[in-house]
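These protein sequences, in sequence, are chains X and P. First residue of the first sequence: 1, per the numbering used here; consecutive thereafter. First residue of the second sequence: 1001, per the numbering used here; consecutive thereafter. Glycine included, C-beta positions come from ideal geometry on N, C-alpha and C.
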Amino acid sequence: MTLSATVDMLKTGIWESFYMTALSSLFAYVIGLPLGVVLVVTDTDGIYPIPWLQKILGVVINLLRSVPFLILLFIALPLSKYVIGTRIGSPAIIIPLTIAAAPYIARVVESSFRELDAGVIEAAQSMGASTWQIIWKVLLPESRPSLLLGAALAITTILSYSAMAGFTGGGGLGAIAINYGYYRYEPFLMWVSVILLVVMVQVIQEIGTRWSKKSDKRIR
Amino acid sequence: MGESIIQIRNLGKEFKTAAGSVRALQDINLDIRQGEIFGIIGLSGAGKSTLVRCINYLEIPTEGEVLFEGQSLSAMTPAQRRKTRQSMGMIFQQFNLLAQRNVIQNVCFPLELTKTPKKEARQRAMELLRTVGLEEKAKSYPAQLSGGQKQRVAIARALATNPKVILCDEATSALDPNTTKQILALLKEINRAMGVTVIVITHEMSVIEAICDRVAIIDQSRIAEVGEVSDIFSDPKSRIGRQLILGDAVNQMKFGSSMQIRIIFDGRESAEPIISNLVLACKVPVNIMYAATRDIGGKAMGQMIIQLPEDEADANRVINYLKTIKIPYEEVEKHDVISHS
């Protein structure tokens, strides 16, 4: 393989890893963030207690989180065929990634909300805030720095999960590492793609940490 | 003083816990008058924080009810209750400002909840910041403010919706004595200037003495005594009342075996040297254990604890003398003593 072909392949790998992670993270947040809100709000001491719903949701989330990702990947691929029309390639893996990440994100988001001082919510209630107003105007904005840190954690985890796509015909840097390093004994390409993954994780984490700090008005 | 703005009727609150139920409040009956500063004092665990939360239904009472301007909060829908809460501002020991919003945004917060137009809200917020003396801090964040400044912002925020009542839950307990004085003075000024009724929850008698017109003493989930602050100060009827008034005095003295009495000056006698005259008239020495003057509602109120001679006849002579010159006094007993360890 020529150098330029290798570079092109790695470029494609980076792009595929990037969009798999980005789209899965987006969809997983669309599902996981509201779930995290529901987990906190409907808890016994929450602002809108519905204990049975909270319990059931907790159990479902724990169930989904206890399935190993590689297993979930194979279980969910038929669903990909149904939704996206294919069970192979990078787009197909977005479905299992989203299913695996959403409950994880729900828990990450939940823990961010729980860090919030209960007194602030009580103050909002004393001013006559409704449940929705407390969610939109207190819970979410006051947790912003913690939510951003949590997002960096969640997205880097999703990126590392996406590296397993190689096992089911998906693309990305992980697939390159598996195909060349594991199947063809070309350690050089394997290491290059692993290093590129490490760099991506670093960049995402760094952006998350800095953004969180910059947005946090409690410091300075 | 006008008519009642808040009426608490047979109010009770029981918390259900895993270990069984815990009684926080029982048979609470109070009338809070329009325009007064009403204090609720008790030791920690007496139930005063629960009581203030029952007034705006942050805690829902398990018995009895609360009437705000004659309307029962129990009978209201959640939406009506939220609306009523906008007429009752609240400030807290830990200030509870929104950390991610700056000062003016914090003051605008309750106005956002009522969907007040932004420009109008800003204008109102600036006015209030002027009232609390924090105009130049409008763009600062809570983390950049001192405790006293944070509480001023919280007061401005509580006033934003033009409430008729302000509930203060241990509002000065996290502040140093100097800042406490300033915050109390501000509350008093707001009460006088705007006619806002103020309800103060505290465990410190000094807070009650500084600003309150009337006070309720709460002990073991019940109201022990209610009345004008000056009346309760000079003649506490309940054991807890005596403990709270003597509280800081008692730390500084050791009890001897002979009788001790508390003498109360209500500001009239300052021209007359009572103790000197007493000693000269009775020809017996008395031991001054403690003395202090406090400003209660603008009137200087003094109290002094003196130990009488061991000899019963001598002691009686002192008591008779006090009776003759009509100085209020009461015997101090061991159980009046609470230690602030």
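- At least 8 Å separates the beta-carbon of Y29 (chain X) from that of A100 (chain X).
- If one requires a minimum length of 4 residues, the alpha helix (DSSP H) runs lying completely within the stretch 20-91 of chain X are 51-66 and 69-83, in chain order.
- Comparing alpha carbon positions, the residue from X:V199, X:Y104 and X:L53 closest to R65 (chain X) is X:Y104.
- Taking a C-beta distance under 8 Å as the contact criterion, G32 (chain X) and A106 (chain X) qualify as a contact pair.
- Chain P has a Cβ within less than 8 Å of the Cβ of P141 (chain X).
- In this structure, DSSP gives E1330 (chain P) an extended state, which the three-state scheme calls strand.
- Pairing T42 (chain X) with P51 (chain X), the inter-Cα distance amounts to about 6 Å.
- Interface residue (Cβ-Cβ distance to chain X less than 8 Å): M1090 (chain P) is classified as such.
- Here E16 (chain X) is buried, its C-beta having at least 16 other C-beta atoms within 10 Å.
- By the Cβ rule, the stretch 1165-1175 of chain P counts as touching the stretch 1076-1096 of chain P, because three or more pairs are nearer than 8 Å.
- In summary, A154 (chain X) is buried, with 16 or more beta-carbon neighbours lying within 10 Å of its beta-carbon over all protein chains present.
- Within the stretch 118-130 of chain X, contact with chain P at the beta-carbon level (separation under 8 Å) is assigned to G119, V120, E122, A123, A124, Q125, S126, M127, G128, A129 and S130.
- For the pair of segments examined, the stretch 211-219 of chain X was found not to touch the stretch 1057-1075 of chain P: the number of CB pairs separated by less than 8 Å stays below three.
- DSSP places F1265 (chain P) in the uninterrupted beta strand (DSSP E) bounded by Q1260 to F1265.
- The secondary-structure analysis by DSSP pairs R1239 (chain P) with nothing; it has no beta-bridge partner.
- Following the DSSP letters along the chain, one finds Q1034 (chain P) in no beta strand (DSSP E), marked with neither H nor E.
- Residue contact check for K137 (chain X) against chain P: a CB pair falls below 8 Å.
- Look at P1117 (chain P): its C-beta is not under 8 Å from any C-beta on chain X.
- Only buried fits D1219 (chain P), as 16 or more other CB atoms lie within 10 angstroms of its CB.
- At a cut-off of 8 Å between beta-carbon atoms, R218 (chain X) makes contact with chain P.
- Counting C-beta pairs with one atom in each stretch, the stretch 1006-1020 of chain P and the stretch 1059-1079 of chain P have three or more that are closer than 8 Å, which means they touch.
- Under the 8 Å criterion on CB atoms, R1082 (chain P) is classed as interfacial with respect to chain X.
- Positions of the alpha helix (DSSP H) runs, each at least 4 residues long and wholly inside the stretch 1018-1069 of chain P, are given as 1048-1055 in order along the chain.
- No Cβ of chain X is located within less than 8 Å of the beta carbon of N1178 (chain P).
- Under the three-state reduction of DSSP output, K1139 (chain P) falls in the coil class, being neither helix nor strand.
- Contact with chain P is absent for R114 (chain X), since none of that chain's Cβ atoms lies less than 8 Å from the residue's Cβ.
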